[in-house]
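**Q**
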Amino acid sequence: MEKELTLSDVVTRLDALTTRLERLERGHRPEPPVPFNTVRVEESRPKPSVAALSPKKNTSGNWLGILGVGCFVLAVGYLIKIGVDSGWLTPARQLILAYTFSALLVWLGSRFRGGDFEYASYLAGAGFVGLFLATIGGVVITGTFSSATGSVILLLLSWACIAVGAQFHPYAYLVVAVLGAYGGPVWFFGDGGGFLVPYYCVASLSFSTLALMRGERSLNLLSAYGALFATSQATMGTVVDGSFAIVSIAMVFLIHLLGIFLHTKRTGHGLTSSEAYAYIPLIIFAYALEYVPFSKYHPELWVYFGIGFSVSLVLLQEIAAHLLRLEKSSPSRDVALSAALLIFTHAVIYQWLPESFHHVLGLALVIALAVAPVKSESLEGLRVFGWVTRTLGAFFILSSYFEIFTRAIAENSLIHAIQALLFGASIAVTLLRREAWMRGFGKIGVSASHAMMLAGFYGLFSEQGPLAVSISWIVYAFLCIGVGFVFRNTAFARLSVLALGAIGGKVLFYDLWNTGALVRVLILALSGAALYGGGYAYRRIGTWEKK
380 MEKELTLSDV VTRLDALTTR LERLERGHRP EPPVPFNTVR VEESRPKPSV
430 AALSPKKNTS GNWLGILGVG CFVLAVGYLI KIGVDSGWLT PARQLILAYT
480 FSALLVWLGS RFRGGDFEYA SYLAGAGFVG LFLATIGGVV ITGTFSSATG
530 SVILLLLSWA CIAVGAQFHP YAYLVVAVLG AYGGPVWFFG DGGGFLVPYY
580 CVASLSFSTL ALMRGERSLN LLSAYGALFA TSQATMGTVV DGSFAIVSIA
630 MVFLIHLLGI FLHTKRTGHG LTSSEAYAYI PLIIFAYALE YVPFSKYHPE
680 LWVYFGIGFS VSLVLLQEIA AHLLRLEKSS PSRDVALSAA LLIFTHAVIY
730 QWLPESFHHV LGLALVIALA VAPVKSESLE GLRVFGWVTR TLGAFFILSS
780 YFEIFTRAIA ENSLIHAIQA LLFGASIAVT LLRREAWMRG FGKIGVSASH
830 AMMLAGFYGL FSEQGPLAVS ISWIVYAFLC IGVGFVFRNT AFARLSVLAL
880 GAIGGKVLFY DLWNTGALVR VLILALSGAA LYGGGYAYRR IGTWEKK
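Remember, my numbering sits 379 above the position in the sequence shown when you count from 1.
(1) Just verifying my parser: in three-state terms, what is the DSSP assignment at Ala-751?
(2) With a cut-off of 8 Å on the beta carbons, I'd call Ile-962 and Glu-669 a contact; round off their distance for me.
(3) For Gln-473, count the other beta carbons within 10 Å of its own beta carbon; 16 or more makes it buried, fewer makes it exposed. Which is it?
(4) Considering only the alpha carbon of each residue, which of Thr-521, Val-543, Ala-513 lies closest to Ile-532?
(5) From what residue to what residue does the alpha helix (DSSP H) around Tyr-666 run?
(6) Among the candidates Val-565, Leu-637, Ala-718, Arg-704, whose CA atom is the shortest distance from the CA of Ala-665?
(7) Between Arg-769 and Ala-751, what straight-line distance do the alpha-carbon atoms span, to the nearest angstrom?
(8) Pick from Leu-761, Val-739, Ile-776, Glu-842: whose alpha carbon is nearest that of Ala-789?
(9) Answer with buried or exposed for Asp-713, where buried requires no fewer than 16 other C-beta atoms within 10 angstroms of its C-beta.
(10) How many Å lie between Phe-764 and Leu-453 at the Cα?
(11) Quick test of your reading: Trp-852 and Leu-839, contact by CB under 8 Å. State the CB separation rounded to the nearest angstrom.
(12) Residues in the same chain with beta-carbon distance under 8 Å from Arg-596, minus the five sequence neighbours each way, listed in chain order, please.
(13) Looking at Asn-599 and His-648, is the spacing between their C-beta atoms short of 9 Å?
(14) Determine the direct distance from the alpha carbon of Ser-587 to that of Cys-580, and round the result to whole angstroms.
(15) Pro-470 lies in the alpha helix (DSSP H); which residues open and close that run?
(16) Please go through the same chain and pick out, in chain order, the residues whose beta-carbon is closer than 6 Å to the beta-carbon of Ala-847, but skip the five residues on each side of it.
(17) Are the Cβ atoms of Gly-803 and Trp-816 separated by less than 9 Å?
(18) Would you be able to state if there are at least three C-beta pairs under 8 Å between the region 678 to 696 and the region 718 to 727?
(19) In angstroms, rounded to a whole number, what distance separates the CA positions of Ala-856 and Leu-744?
(20) Quick check: the region 475 to 484 against the region 519 to 530, are at least 3 beta-carbon pairs closer than 8 Å?
(21) Compute the beta-carbon to beta-carbon distance between Gly-544 and Tyr-552, rounded to the nearest angstrom, for a pair I have assumed lies under 8 Å.
(22) Alpha carbon to alpha carbon, how far is Leu-476 from Gly-517?
(23) Where does Lys-707 fall in DSSP's three states?
(24) Measure the alpha-carbon distance for Leu-502 versus Leu-703 and round it to whole angstroms.
(25) Grab the span of the alpha helix (DSSP H) containing Gly-522 for me, first residue to last.
(26) When you compare the CB positions of Tyr-578 and Ser-622, do they come within less than 9 Å of one another, or not?
(27) Taking only three categories from DSSP, how would you classify Ala-535?
(28) For Arg-645, which residues from the same chain have a beta carbon less than 7 Å from its beta carbon, with the 5 sequence-adjacent residues on both sides left out?
(29) When we look at the beta-carbon of Thr-479 and count the other beta-carbons within 10 Å, is it buried (16 or more) or exposed?
(30) Just how far apart, CA to CA, sit Trp-731 and Ser-779?
(31) What residue range does the alpha helix (DSSP H) around Ile-783 cover?
(32) Within the continuous alpha helix (DSSP H) that includes Trp-816, where are the two ends?
(33) Taking the straight line between their C-alpha atoms, what separation do you get for Leu-761 and Ala-505?
(34) Buried or exposed: which applies to Phe-781, given that a residue is buried once 16 or more other Cβ atoms fall within 10 Å of its Cβ?
(35) Here's the rule: buried if 16 or more other CB atoms are within 10 angstroms of the residue's CB, otherwise exposed. What is Lys-436?
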């Protein structure tokens with residue numbers, strides 16, 4: 380017995396028959412029929428979008444929670460203020476109430492973190508802020524705790540804050556812990572004190588240890604900034620000969636450097652780029668804090684300290700890299716070399732070297748570039764060191780260029796004229812040996828080289844008169860054109876021809892008004908021949924590219 384057909388099967392079968400009839404009428408070869416029992420009309424179900432599949436973070440009401448947390452913190456503060464203004468609670472009871480209320484917030488945040496993780500973290504964070512404020516108030520306002528006792532309590536609270544913060548947002552709790560441990564005690568000791576420096580050393584050791592145990596390099600970094608700032612404030616009012624501040628800052632700095640080394644040795648992973656580059660301001664900050672007492676109390680020694688500081692950074696990094704088997708292009712090496720270069724530049728160049736010799740630095744750099752191997756080691760892997768090196772080099776070269784150029788023209792000095800000639804020739808040689816540099820900024824470089832050379836010849840022959848200067852310029856221009864022909868460097872040769880324009884300007888605006896009649900004729904004849912020959916050379920240069 381034939382199976383009973385459904386309405387959808389009948390419709391599908393009729394459509395198939397209609398399609399076959401239409402194709403037969405057009406002359407097409409009929410296709411094999413589609414079995415009706417294999418065709419089914421399925422319901423179209425819309426596919427869920429990617430946005431619907433991905434969980435959406437619920438941020439509604441966060442601003443209300445933040446406002447509520449602010450109210451809790453203010454409540455703790457007002458509990459202390461009410462006790463001072465009205466006297467209805469003794470100082471001890473005020474602290475007990477503030478501690479109880481703040482601890483309750485921490486407990487509630489930890490207790491309900493499973494329900495709403497982010498919202499519960501606000502409660503615990505507000506509780507720790509309240510605990511820190513209550514302790515500071517117990518020392519500064521009520522006098523319940525001594526300065527030493529309050530400092531110890533703040534350190535213990537910071538440890539608890541780090542432990543509880545691991546359940547929520549670790550970085551935010553690390554910031555609160557560091558501010559509480561280092562910022563609070565600064566208010567307790569108005570005149571510094573012998574207690575604070577050992578305290579900060581203990582705090583630094585504890586934070587470095589916690590960072591090592593928990594694998595939190597950010598804790599070590601935050602602690603280092605806080606320790607250096609707090610130690611400098613603590614030693615500011617108690618320094619007698621500067622040694623106390625120097626040793627104190629050095630101790631907390633070395634503690635955190637040791638923490639970085641031990642952390643890398645334990646995990647087997649070096650500093651990432653973001654972590655390493657965050658330590659560059661820290662190293663410069665530490666050097667600046669050491670520079671102040673050294674320059675004030677030991678002005679004859681601080682330059683040697685700066686040299687020793689920069690050399691020590693490089694040596695310590697190389698020793699650590701050898702022990703930890705770090706790559707040469709590691710971010711930590713980039714940090715050490717960059718900071719050492721900046722410190723060495725400040726100590727030696729800007730402070731030790733007499734100002735009259737500063738312009739020689741740029742000349743020395745240009746000569747070094749001219750004779751250095753073209754295929755030198757790349758600085759691509761050391762991004763910051765490469766940037767610092769290029770920036771300092773460009774600064775010294777530009778400042779030296781303008782200084783030497785001015786002196787060569789304004790002063791009739793053989794030394795300054797020779798310096799200008801060496802500077803200009805070194806720029807030209809550097810560009811001719813490096814095709815990439817010539818393509819990049821060859822026009823500016825070659826033009827600067829010609830201008831410096833002309834200034835050097837002017838300073839060298841100005842005492843012999845304008846004719847001698849013009850002859851030297853003409854000889855130089857054609858010598859440069861010949862160099863361009865030899866090296867087949869079109870850009871250099873064209874710019875060398877344009878240098879002849881300086882001769883025309885000198886003749887029209889200076890020689891015709893400051894020389895005798897016979898000298899004018901000679902200068903005009905030589906200049907005309909030079910300019911005409913230069914024009915011919917310029918036309919010949921245009922044929923190089925066509926060949």
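Glycine included, C-beta positions come from ideal geometry on N, C-alpha and C.
**A** Based on what the coordinates show:
(1) In this structure, Ala-751 counts as coil in the three-state DSSP scheme.
(2) The structure shown does not extend to residue 962, since the chain is modelled only from 380 through 926, so no value can be given for it.
(3) Buried is the call here.
(4) Ala-513
(5) 658 to 676
(6) Ranking the options by Cα distance to Ala-665, first place goes to Ala-718.
(7) Taking the straight line from one Cα to the other gives about 15 Å.
(8) Proximity to Ala-789 across Leu-761, Val-739, Ile-776, Glu-842 peaks at Glu-842, based on C-alpha coordinates.
(9) buried
(10) 47 Å
(11) With 8 Å as the limit, Trp-852 and Leu-839 do not qualify as a contact, their Cβ atoms being about 11 Å apart.
(12) Ala-590, Ile-639, His-642, Leu-650, Glu-654
(13) no
(14) 10 Å
(15) 470 to 490
(16) When the five nearest sequence neighbours on each side are left out, the beta carbons in the same chain lying within less than 6 Å of the beta carbon of Ala-847 are those of Phe-840, in order along the chain.
(17) no
(18) yes
(19) 25 Å
(20) no
(21) 2 Å
(22) 12 Å
(23) In the structure shown, Lys-707 sits in coil (DSSP, three-state: anything other than H, G, I, E or B).
(24) 42 Å
(25) That residue, Gly-522, is in no alpha helix (DSSP H); it is neither H nor E in DSSP.
(26) no
(27) A quick correction: the sequence has Leu, not Ala, at residue 535. Of the three classes helix, strand and coil, the one that applies to Leu-535 here is helix, per DSSP.
(28) Same-chain partners within the cutoff: Leu-591.
(29) Its Cβ having fewer than 16 others within 10 Å, Thr-479 is exposed.
(30) 18 Å
(31) Ile-783 -> alpha helix (DSSP H) spans 762 to 789.
(32) Here the alpha helix (DSSP H) through Trp-816 covers 814 to 840.
(33) Put simply, the backbone Cα of Leu-761 is about 42 Å away from that of Ala-505.
(34) The C-beta of Phe-781 has fewer than 16 other C-beta atoms within 10 Å across all chains shown, which makes the residue exposed.
(35) At Lys-436 the pLDDT is 47, less than 50, meaning the model places this residue with poor confidence; the figure from the coordinates comes in the next sentence. Label assigned to Lys-436: exposed.
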